[in-house]
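Colleague: Numbering (this note's numbering), first residue to last: 162 to 375. Each residue gets a CB set at the ideal place from its N, CA and C atoms; glycine is no exception. None of these values were measured; they are calculated from a predicted model.
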DNA sequence: TAGAAGATAGGA
DNA sequence: CCTATCTTCTAG
């Protein structure tokens with residue numbers, strides 16, 4: 162038939178994360194009856210020089226699936242609450258991936274609404290990584306599965322890439338969140354792209370804390 | 001074994 | 001602006 166064969170998604174995802182990112186924009190990720198057109202992603206490289214990556218300090222129980230081959234799904238629990246989805250890129254062992262940060266629900270809108278009762282409008286259903294995971298009904302059990310084999314599948318966008326913009330990654334603290342790592346990619350002008358939020362510093366002011374201010 | 005920080009979201 | 005919530009990682 163005409164549906165995208167699993168091999169095409171796997172072939173795309175076997176490329177380098179920074180090359181795959183623009184191609185993922187506009188592609189559709191499907192889980193059961195809900196599908197999302199991806200409008201925003203962030204690239205995280207492996208152990209080689211990306212201090213913002215979960216894999217930066219090497220392989221652990223949590224990030225193990227990042228070390229899998231391109232097309233592997235990496236799901237992690239964020240802030241103890243949200244399930245965030247990454248699609249692993251590159252060859253096995255490299256541990257690079259793309260975080261799905263936002264998208265537009267293009268199929269199964271009613272199901273997505275039911276999963277996200279606090280969403281004010283449809284543009285907010287999958288606007289943000291936690292929201293996107295929630296709208297798609299992502300579970301930690303999806304971690305380590307493969308596109309087209311597990312519950313998730315990817316329809317690679319057949320047409321030309323839309324206008325794309327790039328910038329610093331959201332919520333990544335320190336140097337890794339700065340201009341030196343402009344690895345956030347989004348579709349220009351798309352309403353479903355999440356709002357930028359600089360990394361928050363949660364350190365308790367501890368009343369006096371020896372004032373950092375000079 | 002303990003403690004802090006974290007690729008967020010929602011509410012005041 | 002502030003907090004909920006809890007896993008993961010690091011230090012000792």
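On a Cα-Cα basis, can you pick out the residue from 253, 260 and 309 that is closest to residue 246?
Modeller: For residue 246, the nearest C-alpha among the options comes from 260.
Colleague: Decide if residue 278 is buried, meaning its Cβ has at least 16 other Cβ atoms within 10 Å, or exposed.
Modeller: It counts as exposed.
Colleague: Within the same chain, show all residues whose beta-carbon is closer than 8 Å to that of residue 223, passing over the 5 residues directly before and after it, in chain order.
Modeller: Excluding residues within five positions, the ones whose Cβ falls inside 8 Å are 215 and 237.
Colleague: Hey, out of 208, 169, 273 and 263, whose CA is closest to residue 194's CA?
Modeller: The candidate whose alpha carbon is nearest that of residue 194 is 273.
Colleague: Which residues in the same chain as residue 266 place their Cβ atom closer than 7 Å to its Cβ, once the five residues preceding and following it in sequence are excluded?
Modeller: Correct list, in chain order: 195, 197, 273, 283, 286, 287 and 296.
Colleague: How close, in whole Å, do the beta carbons of residue 170 and residue 250 come, if the pair is a contact with beta carbons under 8 Å?
Modeller: At roughly 12 Å, the Cβ-Cβ gap does not stay under 8 Å, so residue 170 and residue 250 are not in contact.
Colleague: What separation, rounded to the nearest whole angstrom, lies between the Cα atoms of residue 203 and residue 359?
Modeller: Roughly 14 Å separates the two Cα atoms.
Colleague: If you draw a straight line from the C-alpha of residue 307 to the C-alpha of residue 352, how long is it?
Modeller: Each residue's Cα considered, the two are about 29 Å apart.
Colleague: Please classify residue 368: is it buried, with 16 or more other beta-carbons within 10 angstroms of its beta-carbon, or exposed?
Modeller: Since pLDDT at residue 368 reaches only 37, below the 50 mark, its modelled position is unreliable, and the value read off the structure follows with that caveat. Flag for residue 368 reads exposed.
Colleague: Please name the residue or residues paired with residue 346 in a DSSP beta bridge.
Modeller: BP columns for residue 346 point to 202 and 327.
Colleague: Since residue 264 and residue 199 are thought to touch, with beta carbons under 8 Å apart, how far apart are those beta carbons, to the nearest angstrom?
Modeller: 5 Å between Cβ atoms; contact.
Colleague: Rounding to the nearest angstrom, what Cα-Cα distance links residue 183 and residue 322 in this structure?
Modeller: Distance between the alpha carbons of residue 183 and residue 322 is about 7 Å.
Colleague: From the DSSP secondary-structure annotation, give me the bridge partner or partners of residue 315.
Modeller: According to DSSP, which records beta bridges pairwise, residue 315 is partnered with 190.
Colleague: Quick test of your reading: residue 231 and residue 252, contact by CB under 8 Å. State the CB separation rounded to the nearest angstrom.
Modeller: Confirmed, Cβ separation roughly 7 Å.
Colleague: At the level of alpha carbons, what is the spacing between residue 377 and residue 275?
Modeller: This structure does not reach residue 377, given that the chain is present from 162 up to 375, and the question cannot be answered.
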